[in-house]
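According to our numbering, the sequence shown is numbered sequentially starting from 96. The beta carbon of each residue, even a glycine, is placed where N, CA and C say it ideally should be.
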Amino acid sequence: MTTPYSDAPALRQTLIDTCRRMNDLGLNQGTAGNISVRCGETMLITPSGVPYDRMTPQMIVPLPLAGGLDHPFATPETPSGVLAPSSEWRFHKALLQARPDMQAVVHAHPVHCTALAMTRQEIPACHYMVAIFGGKHVPLAPYALFGSAELASGVVTAMGPHHGCLMANHGATVLGETLDKGLWRLEELEALARGYLLSLQAAEGGPHLLSDAEMDAALVAIGNYGLKTTA
Ligand SMILES: [Zn+2]
């Protein structure tokens, strides 16, 4: 398991840098995306409605990871005077609670992921890189109002042991052992979604799917694939 982050001041800047790279990669539009990272018993999350080019480390919002999904400022541990967290803080918190093996949550509305999510399709075993999302398909979370506890519950359930999911009529969310790994998975998920969409148009019946045995072999072979890219 990756060691949890503990250096908050540097981590706040890394969080902002990751947001900016997400935009540079064309994975996010405006302030739609949001990123969080575990820092000890706290979750650091991007504030609501602040463009990434104007974001400073002081604007990053700390929220306690313990507790339920009631209002973030209802807990005495949360300092006053901080900006409001991303409206999607509930599913970020719920995912970090449910997945102690993961340190970061990256969410955005990448166009091709969102196109599949609009038609409520998950991504089947159409490419071996599906394995980097921890299973033989990339699941789809049911639709619920953005920011709601219902959405948080649906995303956690759909994600299960996977490392990424689409969100019906919304976008995509991925998990990372680090912020770098989270951003890498979102970039790969968008490429996968684009390829899958093209393959649906390229041949009647869509892509040839890999068998269970072929995906089992890919899952074994892929192992810690990607961990090597971020030492
Ligand atoms: Zn969203």
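Residue i CB to nearest heavy atom of ligand 1 below 7 Å
i	result
residue 265	yes
residue 241	yes
residue 166	no
residue 236	no
residue 285	no
residue 207	no
residue 187	no
residue 245	no
residue 313	no
Where residue i sits in the DSSP three-state scheme
i	result
residue 100	strand
residue 105	helix
residue 123	coil
Delimiting residues of the alpha helix (DSSP H) encompassing residue i
i	result
residue 290	274-297
residue 213	206-213
residue 266	Taken as a continuous stretch (DSSP letters only), residue 266 belongs to no alpha helix (DSSP H), being part of the beta strand (DSSP E) at 266-271.
residue 310	307-317
residue 249	244-254
residue 261	No alpha helix (DSSP H) holds residue 261; the beta strand (DSSP E) holding it covers 259-262.
residue 199	Unbroken run through residue 199 is the beta strand (DSSP E), 199-203; no alpha helix (DSSP H).
residue 189	184-193
Straight-line gap, residue i to residue j (C-alpha atoms, nearest Å)
i	j	result
residue 239	residue 179	21 Å
residue 223	residue 292	16 Å
residue 202	residue 158	17 Å
residue 278	residue 114	9 Å
residue 272	residue 297	35 Å
residue 192	residue 161	8 Å
residue 96	residue 252	Reliability of the predicted coordinates at residue 96 is poor, the pLDDT of 49 falling under 50, and the value obtained from them is presented with this limitation in mind. Rounded to the nearest angstrom, the two C-alpha atoms are 22 Å apart.
residue 254	residue 233	9 Å
CA nearest to the CA of residue i, picked from the options
i	options	result
residue 126	249, 182 and 134	182
residue 104	135, 128, 118 and 117	135
residue 242	286, 166, 288 and 304	166
residue 129	145, 120 and 219	145
Endpoints, the beta strand (DSSP E) within which residue i is located
i	result
residue 131	129-134
residue 139	137-140
residue 158	156-159
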